[in-house]
Amino acid sequence: MPDTSGPGTIVQLGDSTAAGYCGRLLATSGRQVISVVTAGSAAASDGSPAELATRAYLAQGKVAIDASSDLQPALALIADAECLITDRTLGELAAFGIATDLETARKRPLVVVSITPWGSDGPPAMRNATDLLMFHGGGLGVITPRFANNPEEPPLRLGYPVSDYLLGLNAAVAAMAGINHLRETGEGSVIDCSGQHAVAHAEGLYFAYDSYEQRNSTRVSQPGLAPFHFLPCLDGYVMIICPEEHQWRSLVTLMGSPEWAEAETFATSASRALYWDAIEPLVVEWLADKTREELYHRAQAARVPLAPVNNVDSLLSSAHLRSREFFSDLETAGRTFQAPGRPYRQTGPSVQH
């Protein structure tokens, strides 16, 4: 696998959140990303504090050029670039003189990545679909929150703009795959990224339930194995996932081997799911006087799959994330704020053939 962090310019044409996050991931990985500011782009000083902070976050590591009055310099950059990431559809790129047919793409040393809500062949009504529409159109809204007890409760809105970030992450991975292919073969490529598809991909195995188990997943469907639940503790919630027998036995030992855990009705993961209404208050009673951090470390030592459900404050103070230097300081409008870093960290040399 060739190194994708060396020379080779990436041009970002478009200021959508998804395209911006894709460019940010590539820029903070050591790639040279040039962000083209076109007519209609939001001014750097316009917007609420939250909007300004988001814009500064997405711009991190990039070089910006102003093409609001003349796009020709930007088109010249694209002609010499290794990769173009854009929030235009493949059809819209034709207006810039950028061919996106497969035959031309293979002969041209350029990776074109189109990043739009519904893909280039999506319905016109979804051309400017919002994060919320992608969230529900891709299916995550149907299963959020998982294991809700009340079917009358409305779907839970995840933090904005999670769908845009999922799309940007998928596009960044696809861009790097295209660059690898270009460096190996000399062939360019055209990659059409859809936000709806990216959100659907995030659902993972939930799509398979209908085919393999003849059941549909919804936000009120219950797990077929247990424990597989969010549970309250002293200062919030933890998630416990112990569907396998050895995991359950480790949890029982961690809880002090209570007598009730040996009941025949709790003998298998499936029966524990069936009788979860009897098990849950007993586990919650054990959790009640323990903090998320205490439970997390005790479970880790006992090899029990348990994780704290963090809020923003606990994430910012996390010793684990601090040790990985996950957060960085960013300044905008005279204010400094903590921003999340890359979702991974490379400590060794770049991967080579």
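Under my numbering, the first residue of the sequence shown carries the number 689, and numbering increases by one thereafter. Virtual Cβ for every residue (Gly too), placed ideally from N, Cα, C.
Original post:
Curious, which full-length beta strand (DSSP E) runs of at least 3 residues does the segment 744–812 contain?
Top reply: Here the runs fully enclosed are 751–754, 771–774 and 799–804.
Original post:
Is it buried or exposed for residue 775, if we count other Cβ within 10 angstroms and need 16 for buried?
Top reply: For the purposes of this step, residue 775 is taken as the residue at position 87 of the sequence shown. Counting the other CB atoms within 10 Å of its CB gives residue 775 a total of 16 or more, which places it among the buried residues.
Original post:
With 16 other CB atoms within 10 Å as the buried threshold, where does residue 700 fall?
Top reply: For the purposes of this step, residue 700 is taken as residue 12 along the sequence shown, with counting starting at 1. Buried, by the Cβ-count rule.
Original post:
Is it the case that the Cβ atoms of residue 961 and residue 892 are separated by a distance below 8 Å?
Top reply: Here residue 961 refers to the residue found at position 273 when the sequence shown is read from its first residue. Here residue 892 refers to the residue found at position 204 when the sequence shown is read from its first residue. A distance of 8 Å or more separates the beta carbons of residue 961 and residue 892.
Original post:
Any chance the segment 787–801 sits against the segment 875–893, with 3 or more Cβ pairs inside 8 Å?
Top reply: Because the criterion of three Cβ pairs below 8 Å is met, the segment 787–801 and the segment 875–893 touch.
Subject >> Other residues of its chain near residue 1024: CB distance less than 6 Å, five sequence neighbours each side excluded >> reply: Within the sequence shown, the letter at position 336 stands for residue 1024. When the five nearest sequence neighbours on each side are left out, the beta carbons in the same chain lying within less than 6 Å of the beta carbon of residue 1024 are those of 1017, in order along the chain.
Subject >> Span separating the alpha-carbon of residue 721 from that of residue 780 >> reply: As a position in the sequence shown, residue 721 is number 33, starting the count at 1. As a position in the sequence shown, residue 780 is number 92, starting the count at 1. If you take the alpha carbons of residue 721 and residue 780, they lie about 22 Å apart.
**OP:** Measuring alpha carbon to alpha carbon, tell me which of 947, 955 and 920 ends up nearest residue 936.
**Re:** As a working note, residue 936 is residue 248 in the sequence shown. The residue with the shortest Cα to Cα distance from residue 936 is 955.
**OP:** Use the C-beta contact count for residue 747: other C-beta atoms within 10 angstroms, 16 or more gives buried, fewer gives exposed.
**Re:** Translated into positions along the sequence shown, residue 747 becomes position 59. Buried, by the Cβ-count rule.
Original post:
Would you report the Cα separation of residue 827 and residue 852, rounded to the nearest angstrom?
Top reply: The residue given as residue 827 occupies position 139 in the sequence shown. The residue given as residue 852 occupies position 164 in the sequence shown. Distance between the alpha carbons of residue 827 and residue 852: 14 Å.
Original post:
Alpha carbon to alpha carbon, what distance is there between residue 704 and residue 1003?
Top reply: Translated into positions along the sequence shown, residue 1003 becomes position 315. Translated into positions along the sequence shown, residue 704 becomes position 16. Distance between the alpha carbons of residue 1003 and residue 704 is about 26 Å.
Subject >> Host beta strand (DSSP E) of residue 703 (start-end) >> reply: One-based indexing of the sequence shown puts residue 703 at position 15. Taken as a continuous stretch (DSSP letters only), residue 703 belongs to no beta strand (DSSP E), as it is neither H nor E.
Subject >> For residue 943 and residue 997, believed in contact at Cβ under 8 Å, the rounded distance >> reply: Start at 1 with the first residue of the sequence shown, and residue 997 comes out as number 309. Start at 1 with the first residue of the sequence shown, and residue 943 comes out as number 255. In fact, because the Cβ distance is near 19 Å, the residues do not count as touching under 8 Å.
**OP:** Mind checking which residues open and close the alpha helix (DSSP H) that includes residue 935?
**Re:** Residue mapping note: residue 935 aligns to position 247 of the sequence shown, counting from 1. Counted as a single uninterrupted DSSP element, the alpha helix (DSSP H) harbouring residue 935 occupies residues 933–942.
**OP:** In the DSSP assignment, find the unbroken alpha helix (DSSP H) run with residue 969 in it and report its ends.
**Re:** Mapped onto the sequence shown, residue 969 falls at position 281. Segment 964–975, the alpha helix (DSSP H) holding residue 969.
Subject >> Integer Cβ distance of residue 698 from residue 769, believed to fall under 8 Å >> reply: The residue given as residue 698 occupies position 10 in the sequence shown. The residue given as residue 769 occupies position 81 in the sequence shown. Indeed they touch by this definition, with Cβ atoms about 6 Å apart.
Subject >> Straight-line gap, residue 1033 to residue 719 (C-alpha atoms, nearest Å) >> reply: Along the sequence shown, one-based indexing puts residue 1033 at 345. Along the sequence shown, one-based indexing puts residue 719 at 31. CA-to-CA, the gap between residue 1033 and residue 719 works out to about 15 Å.
**OP:** Measure the alpha-carbon distance for residue 709 versus residue 874 and round it to whole angstroms.
**Re:** Numbered from its first residue, the sequence shown carries residue 709 at position 21. Numbered from its first residue, the sequence shown carries residue 874 at position 186. Those two C-alpha atoms are separated by around 27 Å.
**OP:** Leaving out five residues on either side along the sequence, give the residues of the same chain with a beta carbon under 6 Å from the beta carbon of residue 939.
**Re:** Against the sequence shown, residue 939 aligns to sequence position 251. Closer than 6 Å at Cβ, skipping near neighbours: 930 and 992.
Original post:
Between 871, 726, 965 and 847, which lies nearest to residue 696 when the distance is taken from Cα to Cα?
Top reply: Residue numbering aside, residue 696 sits at position 8 when the sequence shown is read from its first letter. Closest option to residue 696, Cα to Cα, is 871.
Original post:
Between which two residues does the beta strand (DSSP E) carrying residue 927 extend?
Top reply: One-based indexing of the sequence shown puts residue 927 at position 239. DSSP places residue 927 inside the beta strand (DSSP E), whose first and last residues are 924–929.
Subject >> Local conformation of residue 734 per DSSP, three classes >> reply: For the purposes of this step, residue 734 is identified with residue 46 of the sequence shown, where counting begins at 1. Assigned with DSSP and collapsed to three states, residue 734 falls in coil, not helix or strand.
Original post:
Taking DSSP as the reference, what is the three-state secondary structure of residue 994?
Top reply: Translated into the one-based positions of the sequence shown, residue 994 becomes position 306. Looking at residue 994 - three-state DSSP - the assignment turns out to be strand.
Subject >> Distance, residue 739 Cα to residue 638 Cα >> reply: Because the chain in this structure spans residues 689 to 1041, residue 638 falls outside the shown range and cannot be described.
Original post:
Which one of 837, 819 and 842 has the shortest CA to CA distance from residue 830?
Top reply: As a first step, residue 830 is located in the sequence shown; it is residue number 142 there, counting from the start. Closest in alpha carbon position to residue 830, among 837, 819 and 842, is 842.
Original post:
Between residue 1021 and residue 856, is the Cβ-Cβ spacing less than 8 Å?
Top reply: Translated into positions along the sequence shown, residue 1021 becomes position 333. Translated into positions along the sequence shown, residue 856 becomes position 168. Going by beta carbons, residue 1021 and residue 856 fall outside the 8 Å limit.
Subject >> Euclidean distance between Cα positions of residue 982 and residue 1015 >> reply: Position 294 of the sequence shown, counted from the first residue, corresponds to residue 982. Position 327 of the sequence shown, counted from the first residue, corresponds to residue 1015. C-alpha separation (whole angstroms): 23 Å.
**OP:** Mind checking which residues open and close the alpha helix (DSSP H) that includes residue 867?
**Re:** Mapped onto the sequence shown, residue 867 falls at position 179. It spans 850–873 - the alpha helix (DSSP H) in which residue 867 sits, taken as one unbroken run.
Original post:
What distance in whole Å lies between the Cβ atoms of residue 803 and residue 773, which are believed to be in contact at a cut-off of 8 Å?
Top reply: Counting from 1 along the sequence shown, the entry for residue 773 is found at position 85. Counting from 1 along the sequence shown, the entry for residue 803 is found at position 115. Contact flag correct, Cβ pair sits at about 6 Å.
Original post:
Is residue 948 buried or exposed, if buried means 16 or more other CB atoms sit within 10 Å of its CB?
Top reply: Working through the sequence shown from its first residue, we reach residue 948 at position 260. Exposed is the label assigned to residue 948, since fewer than 16 other Cβ atoms lie within 10 Å of its Cβ.
Original post:
Who pairs with residue 1042 in a beta bridge, going by DSSP?
Top reply: Within the shown structure, residues of the chain are numbered from 689 to 1041, placing residue 1042 beyond reach of any answer.
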